[in-house]
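Chemist: I am attaching a structure below and will ask some questions about it afterwards.
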Amino acid sequence: MNNETPTDNPIVKPIKTIINMKNLVFLTGAGMSAESGISTFRDSGGLWEQYPVEAVASIEGYERDPELVQKFYNERRLQLGSVVPNEGHKLVASLEDKFHVTVITQNVDDLHERAGSQNIIHLHGELMKATSSRNPNDPNCIVTLPEDNPIIRMGDKAKDGSQLRPFIVWFGESVPMIEPAIEKVAKADILVIIGTSLNVYPAAGLLNFANAHCKIYLIDPKDVSYNPNMGIRHIMKGASEGMKELCQILQEEN
Ligand code: APR
């Protein structure tokens, strides 16, 4: 055994660094993808101004008019082919070199994946996936749609023989991924909220699970209502510029 101290060992050091890496959790919403050209929901001109939310994003709406709902998501899926991750998505992914990063997103687009983020929890489903309309959370029925034909038609069947439907969590449906998301937030050393109006629960309630030592940042160009006693540092910028400022802060503080 030579007299080399373990921390000098090129193999041990990376392992030591990995063990000491802090848990960095992101909670993102539609504003994260705004600079990629995807509409938010509640900003002026947002999606819910163009479509009645209960008609296209609720289980009652699907049961009332499934063709309208299929058309709404088919249009959003086709749009995905013409948008790319923005600088904000890429900076989120780049932090995986220095932190244990988890991205908890309300977004159903695949821009975090395409930017390179590895650990993503989709709370509200995934646009490029489809599932059973009888049992939407049956893992045997969840399929990824082909990029060159990301369309669901009435008559397309899931593996259980039911009508294929978007793998989206609609208003009125449970959010199966909320428990793993709560566990991640509870263990976060740093929580960064980007581009969400914090209007929709249970996603909006996640920040209440942050522990006392967790530093919380919020990136949004507008005011967002949250509990002022939580010591949240609001970076009042868009996702890309806000993430540049956040990376600077994290570099200085860690
Ligand atoms: N960068 C960062 N944030 C932005 C940007 C931007 N460039 N542009 C807008 N925002 C902010 C807005 O100020 C707003 O606070 O993004 C937020 C978007 O809020 P919503 O439109 O309400 O979207 P979101 O919070 O993701 O909605 C939550 O509601 O309808 C459901 O399922 C849907 O997942 C969605 C959920």
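In case it helps, the numbering used here puts the sequence shown at residues 131 to 384.
All C-beta atoms in this analysis are idealised placements derived from N, C-alpha and C, irrespective of residue type, glycine included.
What would DSSP say about Pro306, mapped onto helix, strand or coil?
Modeler: Coil, per DSSP.
Chemist: Helix, strand or coil: which one does DSSP assign to Leu241?
Modeler: Helix.
Chemist: CB Glu243 to CB Ser370, shorter than 8 angstroms?
Modeler: Result no, Cβ atoms of Glu243 and Ser370 do not sit closer than 8 angstroms.
Chemist: Let's see if you can read the secondary structure: which residues bound the beta strand (DSSP E) around Tyr397?
Modeler: Missing from the structure shown is residue 397; the chain here goes from 131 to 384 and no further.
Chemist: Suppose contacts are defined by Cβ-Cβ distances below 8 angstroms. Is Ser169 in contact with Leu157 by that definition?
Modeler: Cβ atoms of Ser169 and Leu157: not closer than 8 angstroms.
Chemist: Straight-line CA distance for Gly167 to Val231?
Modeler: So the alpha carbons of these two residues sit roughly 25 angstroms apart.
Chemist: Please classify Asn216 as buried or exposed, where buried requires at least 16 other C-beta atoms within 10 Å of its C-beta.
Modeler: The residue is buried, with at least 16 neighbouring Cβ atoms inside 10 Å.
Chemist: Which value, in whole angstroms, describes the spacing of the CA atoms of Arg207 and Lys287?
Modeler: If you take the alpha carbons of Arg207 and Lys287, they lie about 19 angstroms apart.
Chemist: Give the DSSP-derived three-state secondary structure of Lys220 in the structure shown.
Modeler: Lys220 falls in the helix class under three-state DSSP.
Chemist: Please tell me whether Asp195 and Ala185 are closer than 8 angstroms, where the distance is taken between their beta carbons.
Modeler: Contact: yes.
Chemist: Kindly indicate the opening and closing residues of the beta strand (DSSP E) around Glu371.
Modeler: Run containing Glu371: none in the beta strand (DSSP E); it sits in the alpha helix (DSSP H), Ala369 to Glu383.
Chemist: Starting from Gly191, follow the beta strand (DSSP E) in both directions and report where the run begins and ends.
Modeler: Element bounds for Gly191: not the beta strand (DSSP E) but the alpha helix (DSSP H), Ile189 to Arg194.
Chemist: Who are the Cβ neighbours of Pro417 in its own chain at under 7 angstroms, not counting the five residues just before and after it?
Modeler: Outside the shown range of the chain (131 to 384) lies residue 417, about which nothing can therefore be said.
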